[in-house]
Structures are given as structure tokens and as C-alpha cells.
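Heads up: the structure comes next, in C-alpha cells.
2 protein chains.
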Amino acid sequence: MSLEKLFRPGSVAVVGASSSEASIGAELIKNLLRGPFQGPVFPVNPHRKWVLGIKAYATVCEIPDPVDLAVISVPKERVLAVIDDCGKKGVGAAVIITAGFKEVGGDGVALENALRDKLRQYGIRAIGPNCMGMIVTNPEVRLNASFAATPALPGNVAFLSQSGALGEAILALAKSLGLGLSAFVSLGNRVDVSVNDLLQHWAEDDSTSVVLMYIESFGNMQRFPLIAANAARKKPILAVKSGRTAEGARAASSHTGALASRDLAADALFEKTGILRAATMEELFTLATAFASQPLPKANRVAIVTNAGGPGILATDVLASGDMKLAGLTPETIQTMRAVLPAEASVNNPVDMIATSGPAQYEVCVSAALKDPGVDALIVIFVSPITIDSYAVAQAVVRGKELAATPEKPVLVSFMGKVAYEEGARYLKDHKLPVYVFPEEPAHALIAMDKLRRFRERPIGDVVRFEVDKTRASAAIDSALARGPGSQLSPMELAELLSAYGIATLPLEVVDSPENAVQAAERLGFPVVMKISAPTLVHKSDIGGVLLDLKSPMEVKGAYYELSERARALSSPHHLIVQPYARGGQEVILGFSSERTAGKLLVLGLGGVYVEVLKDIAVRLCPITDAEAHRMIESLKSAPLLRGYRGGAPGDIDALVEMIQRLSYLAESEPRIETLEMNPVLIRPAGHGVAVLDVRGKLRE
Amino acid sequence: MSLEKLFRPGSVAVVGASSSEASIGAELIKNLLRGPFQGPVFPVNPHRKWVLGIKAYATVCEIPDPVDLAVISVPKERVLAVIDDCGKKGVGAAVIITAGFKEVGGDGVALENALRDKLRQYGIRAIGPNCMGMIVTNPEVRLNASFAATPALPGNVAFLSQSGALGEAILALAKSLGLGLSAFVSLGNRVDVSVNDLLQHWAEDDSTSVVLMYIESFGNMQRFPLIAANAARKKPILAVKSGRTAEGARAASSHTGALASRDLAADALFEKTGILRAATMEELFTLATAFASQPLPKANRVAIVTNAGGPGILATDVLASGDMKLAGLTPETIQTMRAVLPAEASVNNPVDMIATSGPAQYEVCVSAALKDPGVDALIVIFVSPITIDSYAVAQAVVRGKELAATPEKPVLVSFMGKVAYEEGARYLKDHKLPVYVFPEEPAHALIAMDKLRRFRERPIGDVVRFEVDKTRASAAIDSALARGPGSQLSPMELAELLSAYGIATLPLEVVDSPENAVQAAERLGFPVVMKISAPTLVHKSDIGGVLLDLKSPMEVKGAYYELSERARALSSPHHLIVQPYARGGQEVILGFSSERTAGKLLVLGLGGVYVEVLKDIAVRLCPITDAEAHRMIESLKSAPLLRGYRGGAPGDIDALVEMIQRLSYLAESEPRIETLEMNPVLIRPAGHGVAVLDVRGKLRE
């Protein structure tokens, strides 16, 4: 069912309309009339003949004309009855302002479920309940179905907020920055319309170029990654996701679990879909201002034209902190600029025209910089000396941009100081140029724009469906499940499971006597490793539970006694294990965990104790394509160590890439496994593969 | 010489005063009169009898009354003559606006040197040249000796800017934020008055509580660290330091050099002195607004009182990203709040009072939170629902704060949305409460305030003057100097030098034949290490120049031939070296480099290839106290590895602390050494000391 009746209603009824000063029922009517809404507005109030000068009806059913949208602000006990009326009347959509549902718990949850059933029954699409409403600025619609105190300027930015209270602030900020909105939706409890629905709608909406989101939690995660990725390839999507720390504190049962906290899950989701995450509301607006009016740069080479050195350096510092470069200017560009600039000007990039330069110099330098084939984006900075007219400078910047005729190159402006608040800045905004007070802001915005360009240019890659032996894998999981849900898998079960998915682990034998251990070592070949394996033991080395490089039967026997002694302290079932001693290569950790709201998260990190201490990890959402697996490795700070560093042999990256994909496939195919962690995995020199030295895994509860 | 005549002049002459519209000479007079300056203003202009209605004089000497300060804006050719006049007249201070000195190079440099000489000759303290002037708002002075278009609001924040152009912007921004200034100084070329002078002045100035700086380079580094540290212990000093990337790119001749780029030098300087670094101009203002009116918190426990959940979460996220905690509220506090709040309110921290709460609830909750002994700081957030009067809320917040009577606890406010621009926000500012538009900003500000508290509370420690053998050290350096300045020190010279400073290196022998090598190995004891040592070879392992764990004479001979072969490719003089093979411990890198502007920088990092790949390093400015050495180690992400991690033995931290101090002492005492790098240093288990496995060092050019 489309959202047509919500976003383009032909008529609106306000149920709970009121004339009382400062009541929501009055504000709803006033906002609709102020629009003015491009269709009739029908107040509904059983106790009044008219509301704020407009004829009122006792119920929706009594309205003689068709009603597309009902805005509902009645006591919560009456909402279901109103929906019944709407259903009978054939109303297609509802904005339910009323609070007191899921958010208050208890009866509220039941009430919300009943509401959902009724909406489905009548086929009514609804926003809310417990929201501040929605706004559409399209001149053919002009719908302000909210009780917001601030109207929205028309524009091309759609905004969804999971916090009603923030909605009011968002509208005021957008207005103060001159940021025009195509639509604003306060989602409320999401009884029906979800983030997914809105993303799908706005991806196809001609009046929307950029989507902003304030979200506290994700909705339907089965569909979200695909819907969001599809939308983000069409339009920039910028999001503030809050609540990152409150959830991150939960206790962890394995390395992977601890590392893949919820905030990493959100980051993985954004990384996967191409949604750009803003750290703060302020950054969200800084970025939105640029994305709303400027194209993405074609590459990362930036020119800066300024009349003061200091601000140019500040912008440069920020650019260099991202993956941006200062463009090298051609001799022609430099000559063109030199011809109009004072001798003291510096015609490097940043181009410091110095304080005596005015409109004439801005026009020529802006135009020349934009025409330069080595320039992909331009930052113009103006700090007003008293002798230069800022309005004339603003006009010159616009003329320079028009002269260059390079609409494909983004131009961002900083008007510093008093001029930030004067007509020149307004002139620039009116000519679709983003204007910032601080010179660092356009630099931050360009970094984000270029990040989106690179995201769109990079290959998506393929999800490989490997030939695997699911029967063997199931048998291994069944064997563990016999011990109950939530059980740890045994070393042998894990070896079986992984082997069924084409991931070979080092051979191992479980031993129960010193003689046994020696025989196993002889079968596997010296030197060997012996270790304690126990469900409760996450960090074997904490209790000295791993003994390496045992070269003789005597050493193996000694190790058996020593480990048996140490294992006794565990007071839980355990095994002793013998494995060949593998050496030579870089250790990594590779595993996955299941996140209730985000799906399966794969974690790759530099191995050993470093992964925990230095937190150099990459987290991605499954399924992982071949291209993603490569990027995952490259995103590690320690990637140079895997590629071969300072005389070290390059590691077998191809084998690691394949292993990442196979583990991703396992994670997706075996929902009964909650977490699995291979730690360490030895990355051998190129051509020699990878070796899994130790594995832990746990069934779903 | 004090800055008294600059900051409290009794009379001012404006040399180059003019009546022309939009001229600097006119703006200077206008700004002085607008103050109005609390004393007489004398225009000086040889061509006019009066300027802007005030009697003018042909020269400073003709002024009949005493003149304390001359503001000079004449063509650069005439500046020296004007200074001569000032000298004759007995003028005590000058603000030199005129440009065309050092900043234009060539003749300008000579002119500036002549200017400096003249100023010294007459004992005149001067700001500039090439600056926009200075402002003092003290009501007894009211000096606006600048051509700034924006006047400064009176207040307690002193601002110095190394960029004149930024100065104009700074004044406009301060005004728009309602941030009052005690003084503003555009430093210009710093022919006389320096950053050091101003810090010393403001540290003692009763009308200044906070100092802000925009700096592009540091001044006299011999004195700066001490002066700044002294000032920062008295008053918060916040700085934006730009130009961090341009300088960072210079080629590096050693690991330490590459790591200790100039930006790290600035960070080390700020770390040493307690100056808080802001990343952007915007952050500088965010922090300044809080520091200007609020005390530092006594500890890091924060309460948040809000009428909307979303903004509370946003603030919490930021707090958790710093070292801040959400305070646990006492049962009494919770009871007091519950008594006035709606049932749906959440009386955890953040206290979400929900949208229906108004002034009465704010007053009680603000007061109760502040009275709670477990709360050190409070953030109040208000998002305006249409039904609540924001002015009344502002009054309630102020009343709540007054009722609590806890002036020692900082209170920061976020008024989100439309109310940010209304009278309520103004009321709060008038009552000395910082108000922010975004809820993340007060959280960022509290993190910075708490950082300064911790800086002030931490022990400074002692610089230990070790008993060392400077004669032996000098002999080793002389021996290297015989090969010319800039030479590398030989392994033997380095061993001598370090040993003279009480830092023992592993014994080593330089060998020149296979037989020699075997004899050396037998003397040192097997197993041994052999390696190539050559001035041009920074990374020995790049060419396989290190062979470890040689256990027998045969292995040593083989290693000799192999290394000789590899060394041949070097085409530069080299030695082969035999050393005992040391194992068992964590490797670190420790070294120092000399920064022209910052002095000696000590660098400590996790050893091996990790230091370069993972950049986990600590950089500090010498001399380093015992307390600093400990903090340096603790600041490493990898510190847990040194303390003993997951069954590993704790390393000998005490020995490392001593080695850091000894190396700092060496760096300070031997200016002829430009860089020295010990890599790796093996940190043995506690009580077993540290072992320097390899050293490189270079003389000053």
C-alpha cells in the first residue's frame, strides 16, 4: 500500500479539533490553515458546531465530502472508535497524535496492538501514535498536519525523527539555517509506517533530494539493509543514531561478542548501506546544508580561495584529516589569478588573495579555480575587512561560479564574522550556495560528500554461495543441541561444522591420559601444542592453559600433568587437547555474533592479545561479498602487517578473503549458532593458506 | 617591563588619524570614541587641524598633555620616524597597525628589525606591526584601539589572535554568542609583545578568568612551557592551533622523527602545560562559553534533567565518550523529584520529566539534582512544547540553582529549537548560565572542564638530576663529531654515551671475519644475534639485516656470510655486530628528537613493527618528571600488555620509568645530539630490568 494518501491527501479531517488557546487540537487546525493546505480542512468535534471559524462535524462519518487523511488528537480511550469511523468513511490515512500507547507499557501495549489490527483491517496507513505529526511542503499539497510551533521552509530535504520532542527543535534549527524541507515526519511509536516505508517513499519522491534521520532504534532488520542501500544509492541519507553507549555495556561471553557491541552494529549497518552517520545533531545540519544544494565532487581535489590566511589553514587542516587533497593549480589558472591579485597575494592553494582583494578578485579567482581541470571542489572564504562590501563579494562569488559553468563541481562558502549575519550571506543562500560561519564546516561537509562518492563508486561484489555439506553441519549442531540450547559446541563438533563449510581447522585429538597424549602427539607429529578446552574458559592463557612447542614425549607427558593440575581449578567439565604446533605468519581473530536487531555481525581483528588491547577491528554485517571481504581487511590499521611489512612475507590474503566469505555463509545459513569465534587464525605466507588454531562456538539460547 | 601602559593607558594618540569614510584612520578614532575611552584621545595628522570634530596635532610631540599609548596607522616608511617622536615624547606603549614588515619578506624584515631596535631603545612596549589592534573592556579603561567593525561585549574572557583577519570574525562570533571579553589582542608580527607576555599579564589580571588563543606558531620556546603551565594552573587557557598538517609532511630520518611531527609537538606542549586544545574555532567557543561562567566540577558525575528523552540520550552518548559518568541519584533525590513529576516520567539519570512538565518541575528537579551529594555537574535540557512558557522555565532553572545553593557545581543548559532564540535563553545568559542550541555541546564542554580539573589535580612530579659521567658522554660525542656534524653515532659510541647516562645496552662486538664472529659469540655466550649496522639503514629487517637465535659456531659463520652478502647491496660503510640474544618480555621503542620550535620530544611506543603500523605512541616534552613518565606509559593503549595481560608476567615498569627519565636528562644535557632512538627495548618481567637491543643516534647538523 503506498503512502499517497498521507503525502498527497486531497482533504483532511482533524478529529479532536478545538478552539482553546494553546491546545493541540487548535494548533493542528491553525497549522493546516496557515499552510494553507491545498484542499478542505474538516474539524471534527462532537461538542461544537464550528472550530476557529470553520464548520465542525460530530464524527468523521458526518462529513459530506470524501476524506483522505484524518489527524487524530482525542483521548486515547477514544482512538479505536475514531478509527472505526474512519474505516466506515473510507479514510485512507491517519496521523495519530494521541499518546498513551506502547510507550507507557502495560495496557498501552495492548491498546497499540488493537490499534494496529484495526488499521490493517481497514487498510488505513498511519503515522504515530505518540507523535507530533507530519509536514509536506510540496506547493500542490502544503500539508502541516502537526502541532509544531515552527513552520517548515519549502525545500528538498526530507527529515524523519524518532523523537517527537526533537522534531520541534529540528524544525526551528532548519529554519534558522535556511534549510528547506520537502517533508518532516515525527514517527512516534510506528504502529504502521516505519523507517523502511519512508525510505522507500522518499527514494522515489521527486521533491526530495536528501534524507535526514534521527533514529534511536532500527525497525524491521530483515528488510532495512536492502531498502536503505537502495535508497542511499539514489539519494544521500544522513543519520544521527543515538543511544550508542547505553546498550554497549552488556556483558560479553566471548571476544567477538564484546567487540561487536550495538554501536558497532549500527556502524556496520551504515557501512553496508551507505548511510552517512553524523556524530551530533549539529554535524547533521552542517552536512545537510551542503548535500541539499551541491553535487558530489567527482574526485577529492579541493581548491580554497580566501582573503585571509588563517581560515584557509583551518580548512586545510580539516581536509587533510579526511581523505581529501589540496588541488595543484595549472599554470593557466595561476596566471589568470596573478593578473588580478595584489603582489603580496599567495597563488598557491589555498589561494590567499589577502585582505585588500574585493569583488573583482573573488569573481576571477572563483571562476579560474572552478575551470581548472585539477579542481573537483571549491571552498570560498571571506572575512570582512571594513573596506570591502560583503554583498558585492557575495554577488561576485555567484558570478564567478556562473562564469565557470561547472555545475558538476560543488562550491561551499564560509562568510566569517559579522558578514555571516548580513545580506551577502542571504544572497548566497538564495543562489543555492551553502554558507557557513566557520571555515572548518565546509571542509567537513566535503569530506562527507566525497565519502559518499567513493561509496557509490566502489564495487558491491558478489555473495558467493559455496558448495557445503549442510547435512554434516546439521549433525554437528544436533550433537551439541543434545546438551540443550545455549550450549557450547565441543572442539570436535566445531571442527565438523567448519569443515562442512570448507573451513579446515588444525587436526586435534582429545586425550585423557599422559600415554594417550603421547600417542596423539606421535600421530600428529612433533612439535605439538597442548591446551585445556572448557566451556567456561574464554581466555585460555589467563590460567596458563596453553603450552606451546612440545618437542618430545617427555615434554608432552609433563604438559599433561601440568594442564590437568591447572584445569582442576576450573570446577567445570573440560578436555585436554593435542594439536600440531603451527608457526610462521600473522595471527588474526575472525568470528561472528548475532545481534537481535542487526542480524549477523562478522568481526575481523589483529590476533592475540592485540585485538583486545588495541581494538583494531573491522565489523561488517552478513552476508559479506568478496569485495567487502577485501575492504574489511584493508580497513584494519594493521593491514600492512598482513600485506608483508618490513621484510615480512605477504600473508595469504586470498585465503583469508575466502574464509571470511565462508564464515559469513555459515553465519547466514546456520541460525542455530549464536556466536562462533576462530582465535587465532594463522595467516601463512601467500599461497600457503590459513590455519585455524582454536575455535569456540555457542548455540542460540 | 609591564604592559600597564598598553592595558591601562591614561591617554591615547592616534597617529594617522583621518576623517575619510571607511578608512582605518577614521575607524580607529570612532572606535575609541564609541568606547568611550576613559581619557583623552588625540588625533595626529600633519595635514589637518581637526579630525572627526576633535582638535588634531601635526606630531605626537606637539600634544601638550602626556601620552601613554600611540596607535599608529601611517605608511610603513614613516613608522620609524613616528616611533622617534613617541620616544621623545615619552610615550610608553604603541599599537602598530601598519603592515609591510616581516610578513612581506626582503626589505620588510630589515624594517621590522630596525623597528624592534628603536622600540627597545625608547623602552616602548608594542603590539604589531601588521595587526588589527587591541581592545580592553574594563570599565575604568574602555580602550578600543582597533579598526574592528564589531565592538566587544564586556566580560571576563581574554582573546589573543595571531591572525588579524580572524580577529574580526572572532569578535563577531563572540558578540553573537553573548560571550563577553575582558580584552582582545591581534598580535600581528610580534615585534615586541609576545604570547608569553600576554599569558603572564592575563594570569595576574583580575578582570580575566579565561584565556582563548588562536595561534599558528609558538614564540620563545625556552620560556613558553613554564609561563603557560603557570598561567594554566591559575586560569583555563583554551587554544586553537592551526597549521597542523602542512608541517607534518617533512621527510623523516628515523622512526622517532617521523612520529614526532610538529602537530605532536604542539600536542606535547599542550599536554605539558595544561592548555586545552580545541579542534575547531567552533569548539573553542563552545568551551569558552562554559568556562567563562561555570566553576570546574569537583569530580566527573553528571546529572541530566530534561523534558524529552532523545536529547538526553544524545548528551549521554557524548559524556560516555569522555571520561564522564552519569551520577547515581540518592533515594531522597528521587523521592523529591517523584513528588512533582507525572507518573510517566523517568526518574533515573537522565531524568526525563516528559513534555508536560513545566517551570514547577524544572525548579524542583534542578534544585534536587544539584543538592544530591553524588552529583558534580548538571545539564538541563528544554525542548519547547507549545504549551510550556520558555521564559518561565528559564526563571525556574535559575531559581532551582539558587535554591540548591551549590555555586561549586557547574550548570549548563540546552534550550533546543525556537526557544534557543527567545527571551528565556537571554534570561539564562544574563544569569550567568551558558546556553546551547544542541544538547551535545554542554556535554562536550563538561568533558573539557573535567579534563582541566584532572590536569590540575595530578602530581607534577620531580625532574631527577641523575649522577652521570658527562666526561665520558662528551668523549663519545667528540669521537662521532670527528666525522663531521650531522654524523650518525657508531654502535660503540652510542653504548658509551648511554652507559655514561646510566642506561645499559646489551654488550656487543663489531666483527670483521667469520672467525672473529665465532670468537665474539663465544665470549658473549650462545645464543647470539647478528646484524648489519650502517648509517643509511634505518630499518634493518627490511633487507633481512637481523638474524636471531644463532645457537652454534656453525650458525654464526653462516650468518656472517649471509649478512655480508646482504650488506653489499647497501653501497655505504657498514659493520657486522654480534650481541647476546635477549628474549622474554614486551618490546617498546623509546627515543627523542629535537624540534626547532618545541625543544626535545620524547617518544614511547609499543615496539617492533606495531609502533609504525598502529601508531600507539606517547609523546612528551622534556624534561620529564617521574610522574610524567608513569603517565606516559599509562597513556599507551598497549599499557595493559606492559602491566601483564592474560597470564603474561607484569613488565618492569619501574625500570622503564627510570629509563625514560634518564633519556630525558640526556636529551636536555647533550644538545649536540639531535635524535636518539632505542628500538627495541625489551621490558623484562618486574624486577629484571630492561634491555636495550638496538640504538641509533645522530648529531646535530
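Chains as they are written, first to last, in our numbering: chain B, -14 to 686; chain E, -14 to 686.
Every residue, glycine too, gets a C-beta built ideally from N, C-alpha and C.
On a CA-only basis, which of the options is nearest residue i? Give me that one, please.
i, options, result
"B/VAL448", "B/ARG208, B/GLU653, B/VAL59", "B/GLU653"
"E/LEU304", "E/ALA41, E/ASN334, E/GLY152", "E/ASN334"
"B/PHE144", "B/ALA154, B/SER167, B/ALA157", "B/SER167"
"E/LEU413", "E/ASP70, E/LYS542, E/LEU162, E/ILE222", "E/LEU162"
"B/VAL514", "B/VAL541, B/ILE488, B/SER498", "B/VAL541"
"E/THR610", "E/ALA217, E/SER649, E/PRO625", "E/SER649"
"E/PHE209", "E/LYS622, E/ALA150, E/ALA671, E/GLY584", "E/GLY584"
"E/PRO499", "E/GLU452, E/GLU547, E/GLU426, E/GLY469", "E/GLU547"
"B/MET309", "B/ILE289, B/PRO296, B/THR271, B/ALA328", "B/ILE289"
"B/GLN380", "B/PRO392, B/LYS403, B/GLY409", "B/GLY409"
"E/ILE658", "E/TRP35, E/ASP454, E/PRO470, E/GLU6", "E/PRO470"
"B/VAL531", "B/ILE562, B/TYR406, B/ALA84", "B/ILE562"
Can you check whether the C-beta of residue i is within less than 8 Å of a C-beta belonging to chain E?
i, result
"B/LYS403", "yes"
"B/MET266", "yes"
"B/ILE691", "Here chain B has residues from -14 to 686 only, and residue 691 of chain B is not among them."
"B/LEU532", "no"
"B/GLY313", "no"
"B/LEU418", "no"
"B/GLY576", "no"
"B/SER375", "no"
Per the DSSP calculation, residue i is bridged to which residue(s)?
i, result
"B/ARG700", "With chain B running from -14 to 686 in the structure shown, residue 700 of chain B is simply not present."
"B/LEU683", "Reading off the sequence, residue 683 of chain B comes out as Lys, not Leu. Answer is B/GLN473, B/THR660."
"B/TRP35", "B/LYS40"
Taking 8 Å as the CB-CB limit, is residue i close to chain B?
i, result
"E/ASP308", "no"
"E/SER239", "Low local confidence applies: a pLDDT of 29 at E/SER239 is under 50, so the model's placement there is unreliable, and no value is given."
"E/LYS622", "yes"
"E/TYR406", "yes"
"E/GLU232", "Confidence at E/GLU232 is low in this model, with a pLDDT of 32, below 50, so its placement is unreliable and the value that follows should be read with caution. No, E/GLU232 lies away from the interface with chain B (no Cβ there is under 8 Å from its Cβ)."
"E/SER161", "yes"
"E/THR135", "yes"
"E/GLU425", "yes"
"E/GLU655", "no"
"E/SER4", "no"
"E/SER148", "yes"
"E/SER171", "no"
"E/LEU626", "yes"
"E/VAL513", "no"
"E/VAL180", "no"
Query raised in the report: Would you say the stretch 125 to 144 of chain B touches the stretch 274 to 282 of chain E, given that touching needs at least three Cβ pairs under 8 Å?
Result: no
Query raised in the report: Would the stretch 567 to 579 of chain B and the stretch 654 to 674 of chain B be scored as touching if the rule is three or more Cβ pairs under 8 Å?
Result: yes
Query raised in the report: Along the chain, which unbroken stretches of the alpha helix (DSSP H) at least 4 residues long are found entirely within the stretch 602 to 648 of chain B?
Result: 611 to 619, 624 to 628
Query raised in the report: Three or more C-beta pairs closer than 8 Å, one from the stretch 614 to 626 of chain E and one from the stretch 636 to 643 of chain E: is that the case here?
Result: yes
Query - Stretch pair the stretch 339 to 350 of chain E + the stretch 408 to 422 of chain E: three plus CB contacts closer than 8 Å - result: no
Query raised in the report: Do the stretch 77 to 92 of chain E and the stretch 15 to 23 of chain E make contact, defined as three or more Cβ pairs closer than 8 Å?
Result: no
Query raised in the report: Can you find at least 3 beta carbon pairs, one from the stretch 355 to 372 of chain B and one from the stretch 315 to 323 of chain B, that sit closer than 8 Å?
Result: yes
Query raised in the report: Which residue spans inside the stretch 60 to 110 of chain E form an unbroken beta strand (DSSP E) run of at least 3?
Result: 78 to 81
Query raised in the report: Counting pairs of Cβ atoms below 8 Å between the stretch 397 to 408 of chain E and the stretch 359 to 378 of chain E, do you hit three or more?
Result: yes
Requested in this report: Run through the stretch 314 to 359 of chain E for me and flag every whole alpha helix (DSSP H) of 4 or more residues, listed as ranges in chain order.
Outcome: 316 to 325, 344 to 356
Query raised in the report: At a cut of 8 Å, does the stretch -10 to 0 of chain B reach the stretch 52 to 68 of chain B through at least three beta carbon pairs?
Result: yes
Query raised in the report: Curious, which full-length alpha helix (DSSP H) runs of at least 4 residues does the stretch 390 to 419 of chain B contain?
Result: 408 to 415
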